[in-house]
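Following: one structure in structure tokens, then a few remarks.
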Amino acid sequence: MVAVADLAALAAGSDAGHTLLKPLLMPLLAAYATLRRGPRLLTAALLLGWGGDILLLSDADPAFLTGMASFAVGHVCYLTLFRRYGVRSRPRAAFVATTYAAALVVTVALLWPDLPPDMRVPVAGYSLLLTAMALGATGLGLTAAAGGALFLLSDTLIATDVAGWPQAPRPDFWVMLTYIAAQALLARAVLTGAEEPVLTSGSATARR
8 MVAVADLAAL AAGSDAGHTL LKPLLMPLLA AYATLRRGPR LLTAALLLGW
58 GGDILLLSDA DPAFLTGMAS FAVGHVCYLT LFRRYGVRSR PRAAFVATTY
108 AAALVVTVAL LWPDLPPDMR VPVAGYSLLL TAMALGATGL GLTAAAGGAL
158 FLLSDTLIAT DVAGWPQAPR PDFWVMLTYI AAQALLARAV LTGAEEPVLT
208 SGSATARR
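Counting in the working numbering, the sequence shown runs from 8 upward without gaps.
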């Protein structure tokens, strides 16, 4: 309900409503993960996302960079979780990796000239880690893969705004819609993966 209310506030152009509701989203999802006895790293990833959410409410460059760093550490948490609960060997892994790598190179190359000079290296480095997270998510099934792809899309939309590219109407709505869906799908996938055996090279082994 809070997510729906936040999206409604954005659709209505209510900055005050969004500022009030956005900081509630990830703590509520983290609380749900804790109640489900999910891995601590999942709670950490969600709370790091919360930190990023709050910092990105500010338009100041230092807050943006610090928020990006908070999300980056959260991606490391997710990568660790995907390694722990994901499938080590999966079909078409090379094709998926090549696709994500190509998307990363093309996106950064297109954004680079339009990014502020002091943002270019941080955005490129963050994009590399974000893409690695999205790729790692594919090893945890379709739900996680969708979450990783949506996270990548959400942050790419933010990057296009930083680069000064033309935006769709209500750009924050689309950023938050994809971001909320991404975090919810990733959390669901990790919670499910933590409750099930992990398949490794065709055999089932329990990992907690």
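Quick reminder that beta carbons are idealized off the backbone N, C-alpha and C, glycines included.
Item, Value
"Met8 - containing alpha helix (DSSP H), residue span", "Counting along the chain, Met8 falls outside any alpha helix (DSSP H), and DSSP gives it neither H nor E."
"Nearest neighbour of Arg90, chosen from Ala144, Ala166, Ala156 [CA to CA]", "Ala144"
"Val112 classed as buried or exposed, judged by whether at least 16 other C-beta atoms fall within 10 angstroms", "exposed"
"Buried/exposed call for Val11, threshold 16 Cβ in 10 Å", "exposed"
"Buried/exposed call for Asp179, threshold 16 Cβ in 10 Å", "buried"
"Bounding residues of the alpha helix (DSSP H) (the contiguous stretch that carries Gln190)", "178–202"
"Val130 beta carbon less than 9 Å from that of Val169", "yes"
"Unbroken alpha helix (DSSP H) run spanning Leu55, endpoints", "47–62"
"Three-state class that DSSP yields for Gly93 in the structure shown", "coil"
"Boundaries of the alpha helix (DSSP H) in which Leu147 is found, first to last residue", "Where Leu147 is concerned, there is no enclosing alpha helix (DSSP H), given that its DSSP letter is neither H nor E."
"Nonlocal neighbours in the same chain, by C-beta distance under 7 Å from Pro28, ignoring five residues either side", "First, the residue type needs correcting, since residue 28 is Leu and not Pro in the sequence shown. Within the same chain, Leu28 has close Cβ partners Val9, Ala12, Asp13, Ala16."
"Stretch pair the stretch 147–154 + the stretch 121–128: three plus CB contacts closer than 8 Å", "no"
"Burial state of Ser208, where buried means 16 or more other Cβ atoms lie within 10 Å", "Residue placement at Ser208 cannot be trusted, given a pLDDT of 41 that sits under 50; the coordinates are not used to answer."
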